[in-house]
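Peer 1: Chains as they are written, first to last, in the working numbering: chain E, 349 to 539; chain G, 6 to 400; chain A, 290 to 768. To start, I am sharing the structure in question, which I have written as structure tokens.
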């Protein structure tokens, strides 16, 4: 999942190896994913042009993390907005406008709401892309395979990272066994 | 795919209990009116507008579902149709209000001590605020609602026998086409029954406010019903957690909608501070009425909002039903907060007829609804989309 | 007796009432990919260049008018006391309202699980961004010296130690509109990422592959990514929904918090929101009808989509009419002579009454034709109606802003209003800005959310498979 950031450049570079298996349909992919996981492979991932119903179960993923991040963002927005307005209009420089009280709760509602949405929404976007997905990640070993281009268009793929010192041929054989149409291997190139 | 249900013949025990409770409660309330006319009438108005609002809002929700061509809701549609069909009953229940109008509405015979300016304004409003026109208008509201609910219920049950797809087309057309009329009906009903309690006060959003609270209660009742109506021939057994989840989302959406409408009205009137508008809130947000207002802000918005954020809660029917029950209670407090300060601006007033009227009107409505349900299927068995609805899953 | 409840249609995938599909023809992921991305890779045609030239000419008007405004100051405009707000605020409200349709289609219809949205959401979201840009221009320049505006609009610690006045709806506006723009941009871009990856992997030239590749940021359709992505997208939709309502609500507060007759009424927030969606859908229709023709999108933007759009316009048009009814009724019922005069004398019979009646015709009468299926399915009718609605909603803001202001409490302070050429050039210019940006969007980005259309096609096909296996008797009858 994560980028090759932890692989230093130079002589100690150990390339990651991936096996990419293509499936004919989304159902075959789900079935293949389930079975390859049963075979004990840990670092697996699927690649499809759109989300497929049932992927989470097939990959054995837990609950998504993003809702909690968004909720925290929104709460931070509420606190930031209200304390900002309270400090500026009540504590630091009260201005009497139309004899409304400095601390005017109804009048503080709109901005409190807007900042909750702003910070909640931004944390959804940045929390997802930067925090959870580790983007931007322009290089990934899988991109070196020409057939992988179909993953964004109409192909259904399963990728398995071969553990360090693991047997690549064994992984390929496993992938064939669970119904892959086409299996390829790729090794990370040093940059 | 088959659904193994027969026409509903049960519920007799519940119908008897609810009916008995209704008759006793209503009798006590009428006795209360005889003893302490004004307080008992105001209490009765709270209960009446509570239950009648739910009947009207059920009709509106049903029509919105038809207009949207929603398929997931087919399995829970029949109870909604029945709740809408109870609107007939409220014609009878409106009689005490007509009889006691002069005690409820100060515009019926304005007292001379209201002041010259007020009397002048009431004279201006006379073409609208007068007893015959008031009664005629309420008659029109009921006619429209009875017509719509009767047609929708009738077509739906007729489809149970024939399975004719054209009946679905008709329900959808009437659902969409009737919405403009029913929207005006519930708005002006709110103006007449509730807003004219303070005849000098006005708010263009008031109809929407009444609608928002009422439809929230309708959804709450649906949630509780799907929980309870399980067993032989009942639709609850066919409702899955996916449907309940959708109802939970609707409940959440309308909690937000109510909050939005309430804040819009409060903020605009508070900030403009005009002498003809602000008294409404001066009474309610100054002095002894403050706790009720604060209770509504938290009880009607923040607490259910926070609870319903949880996906887990929305997918746990029992816990969702607790939130729904809470909202049913809070909506009653909301109507109490709208009505009672007119009678008793100085302090919150509790009169025992509030309880008897609530159970009187409510018991009769429930009994009537069960009676209308009997002899029909509790879900539209031959609706062309029932199969889709039964197999509905969250995307 | 027992009731065998069967679905008369037999299968779940065809709708017995309205069997028209949302994606026409036999499509695969590959054909959808090719047809929807085709217009991006194809060279610009003569028609596109012609439209672009017109748009650029109108954009030129904007440059001229902006220069005059900034050099001479806002004295170059027609507004003067008592009509202190005029074209600037009318156009601001009009544009921002147009933007609302995009968010409605992408967020609210997503929450309502209306699958037909997938064909139009990308298009409408782009429209939101460009419309909000046009809208933002007006409040910015109406401050006169926008380079000073930040001092009192944003919480900036100036030397005087004075902060923005948070009890003013104009400050709320700053927060609302800037939040709206930011969140719309993020939402749009998040939805675009898988499509950018598809563009990257379909591109034939290295330059295009590199550019789209950088924008896609390394998206590889990973299942682990999709699992979080779906939620992030849904949550952004969930946040955008109240946001879009709040934006026009706060715009309505600009008026309704005052005590002006015709401005101060509690129905304003929901009624402004309905009007915004109404005009936004009309603008989407105005562009969508020609675009689906010229970009070859008829198989994904079908007549059924257009019919649904017309129904939304009918519904929101009725809500706007509801607002008018409530306003007029309470203007009389309140017994307030100024309100009454505003609604029943000034607007209906005053010197600017034709604009009021045009508004009523366009906003109340025009949408009524959509009750009839024949009208809802006629391209010519709906296109003309959409333009009329755009005009009508512009008139509505004119009625609210100018007509209310030019006749207030005191006859001695009544005035009149006429726009100058700078006003008209500015307005034309923003239409040019909008068109330019939109034409560029149509040229460089897929106009339809490719990924979501593929997903819809996949789901439909998948359901059909399950249904086929069920009716073949593979699995049993009961559910």
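For glycine and all other residues, C-beta sits at the position ideal for the given N, C-alpha and C. Bear in mind that the values here come from a model prediction, so they are computed numbers and not experimental data.
Classify residue 296 of chain A: buried if its beta carbon has 16 or more other beta carbons within 10 angstroms, exposed otherwise.
Peer 2: Per-residue confidence for residue 296 of chain A stands at a pLDDT of 42, beneath the threshold of 50, marking its modelled position as unreliable; the derived number appears in the next sentence. Flag for residue 296 of chain A reads buried.
Peer 1: When you compare only the Cα positions, how much space is there between residue 442 of chain E and residue 452 of chain E?
Peer 2: Roughly 11 angstroms between the two C-alpha positions.
Peer 1: How is residue 349 of chain E classed by DSSP in three states: helix, strand or coil?
Peer 2: No answer about residue 349 of chain E holds up, because its pLDDT of 41 lies below 50 and its placement is not dependable.
Peer 1: For residue 725 of chain A versus residue 393 of chain A, is the C-beta spacing smaller than 8 angstroms?
Peer 2: Not a contact, by the Cβ cut-off of 8 angstroms.
Peer 1: Please tell me whether residue 536 of chain A and residue 465 of chain A are closer than 8 angstroms, where the distance is taken between their beta carbons.
Peer 2: Taking 8 angstroms as the Cβ cut-off, residue 536 of chain A and residue 465 of chain A qualify as a contacting pair.
Peer 1: Assuming residue 395 of chain E is part of the beta strand (DSSP E), what are its boundary residues?
Peer 2: It spans 392–395 - the beta strand (DSSP E) in which residue 395 of chain E sits, taken as one unbroken run.
Peer 1: Check whether the segment 35–53 of chain G touches the segment 352–361 of chain G, counting contact only when three or more Cβ pairs, one atom from each stretch, lie closer than 8 angstroms.
Peer 2: Yes, the segment 35–53 of chain G touches the segment 352–361 of chain G.
Peer 1: Taking one C-beta from the segment 89–106 of chain G and one from the segment 119–132 of chain G each time, how about it: are there three or more such pairs within less than 8 angstroms?
Peer 2: No, because fewer than three Cβ pairs between the segment 89–106 of chain G and the segment 119–132 of chain G fall closer than 8 angstroms, the two stretches do not touch.
Peer 1: So if I threshold CB-CB distances at 7 angstroms, which residues from the segment 128–142 of chain G count as touching chain A?
Peer 2: From the segment 128–142 of chain G, only 129, 130 and 133 have a Cβ closer than 7 angstroms to chain A.
Peer 1: Candidates A:383, A:753, A:548 and A:391: which alpha carbon is nearest residue 736 of chain A's?
Peer 2: Ranking A:383, A:753, A:548 and A:391 by Cα distance to residue 736 of chain A puts A:391 first.
Peer 1: Using 10 angstroms around the beta-carbon of residue 537 of chain E, count the other beta-carbons present and answer buried if the total reaches 16, otherwise exposed.
Peer 2: So residue 537 of chain E ends up on the exposed side.
Peer 1: Which of the three DSSP states is assigned to residue 409 of chain A in this structure?
Peer 2: Coil, per DSSP.
Peer 1: Along the segment 438–454 of chain E, where does the CB come closer than 7 angstroms to a CB of chain A? Name the residues.
Peer 2: Answer set for the segment 438–454 of chain E: 440, 441, 443, 445, 448 and 452.
Peer 1: Buried or exposed: which applies to residue 695 of chain A, given that a residue is buried once 16 or more other Cβ atoms fall within 10 Å of its Cβ?
Peer 2: Buried, since its Cβ has 16 or more Cβ neighbours within 10 Å.
Peer 1: Between the segment 259–272 of chain G and chain E, which residues of the former have CB atoms less than 8 angstroms from a CB of the latter, in chain order?
Peer 2: Correct list: 268, 271 and 272.
Peer 1: Could you spell out where the beta strand (DSSP E) holding residue 506 of chain E opens and where it closes?
Peer 2: Per DSSP, residue 506 of chain E belongs to the beta strand (DSSP E) from 504–510.
Peer 1: Residue 47 of chain G and residue 345 of chain G look like a contact to me (Cβ under 8 angstroms); what is the Cβ gap, rounded to whole Å?
Peer 2: Indeed they touch by this definition, with Cβ atoms about 6 angstroms apart.
Peer 1: Please classify residue 776 of chain A as buried or exposed, where buried requires at least 16 neighbouring CB atoms within 10 angstroms.
Peer 2: Here chain A covers residues 290 to 768 and nothing more, so residue 776 of chain A does not appear.
Peer 1: Please confirm whether residue 342 of chain G has its beta-carbon closer than 8 angstroms to some beta-carbon of chain E.
Peer 2: It does not: the Cβ of residue 342 of chain G has no partner Cβ on chain E nearer than 8 angstroms.
Peer 1: Shorter than 8 angstroms from the beta carbon of residue 457 of chain E to some beta carbon of chain G?
Peer 2: Residue 457 of chain E counts as touching chain G.
Peer 1: Is it buried or exposed for residue 316 of chain A, if we count other Cβ within 10 angstroms and need 16 for buried?
Peer 2: Buried is the call here.
Peer 1: State yes or no: is the beta carbon of residue 623 of chain A nearer than 8 angstroms to at least one beta carbon in chain G?
Peer 2: Yes - at least one Cβ of chain G is within 8 angstroms of the one on residue 623 of chain A.
Peer 1: Determine the direct distance from the alpha carbon of residue 248 of chain G to that of residue 291 of chain A, and round the result to whole angstroms.
Peer 2: For residue 291 of chain A, the predicted model reports a pLDDT of 42, less than 50, meaning its position is unreliable and no value from the coordinates is stated.
Peer 1: What does residue 531 of chain A reach in chain G if we use C-beta pairs closer than 7 angstroms?
Peer 2: Simply 261.
Peer 1: Taking 6 angstroms as the limit between beta carbons, can you name the residues of its chain near residue 298 of chain G, skipping five residues before and five after?
Peer 2: Cβ neighbours of residue 298 of chain G beyond the five flanking positions: 289 and 290.
Peer 1: How would you list, in chain order, the residues of chain E whose beta-carbon sits under 9 angstroms from the beta-carbon of residue 276 of chain G?
Peer 2: Within 9 angstroms Cβ-Cβ: 446, 448, 452, 454 and 455.
Peer 1: What are the residues in the segment 513–545 of chain A lying within 8 angstroms of chain G by C-beta distance?
Peer 2: So the list reads 531, 534, 538, 542 and 545, given in the order they occur along the chain.
Peer 1: Would you tell me roughly how many angstroms separate the C-alpha atoms of residue 584 of chain A and residue 54 of chain G, rounded to the nearest one?
Peer 2: Going by the C-alpha atoms only, they are around 55 angstroms apart.
Peer 1: How would you list, in chain order, the residues of chain G whose beta-carbon sits under 8 angstroms from the beta-carbon of residue 678 of chain A?
Peer 2: Correct list: empty, because the minimum Cβ distance to chain G is about 17 angstroms.
Peer 1: Let me confirm a value: residue 626 of chain A is counted as buried when at least 16 other C-beta atoms fall within 10 Å, else exposed. Which label applies?
Peer 2: Per the 10 Å Cβ criterion, exposed.
Peer 1: With distance defined between alpha-carbon atoms, name the residue in A:549, A:476 and A:564 nearest to residue 383 of chain A.
Peer 2: The shortest C-alpha separation from residue 383 of chain A is found at A:564.
Peer 1: Quick check: residue 631 of chain A and residue 551 of chain A, are their CB atoms within less than 8 angstroms of each other?
Peer 2: Closer than 8 angstroms, so yes.
Peer 1: Which runs of the beta strand (DSSP E) fall wholly inside the segment 86–165 of chain G and span at least 3 residues, in chain order?
Peer 2: DSSP runs (the beta strand (DSSP E)) wholly in the segment 86–165 of chain G: none.
Peer 1: How long is the line joining the alpha carbons of residue 167 of chain G and residue 238 of chain G, rounded to whole angstroms?
Peer 2: Whole-angstrom Cα-Cα distance: 19 angstroms.
Peer 1: How would you list, in chain order, the residues of chain A whose beta-carbon sits under 9 angstroms from the beta-carbon of residue 407 of chain E?
Peer 2: Correct list: 512, 513 and 516.
Peer 1: Would you grab the beta carbon distance between residue 173 of chain G and residue 306 of chain A for me? Rounded to a whole angstrom, and I think it's under 8 angstroms.
Peer 2: Yes, residue 173 of chain G and residue 306 of chain A are in contact; Cβ-Cβ is about 6 angstroms, under 8 angstroms.
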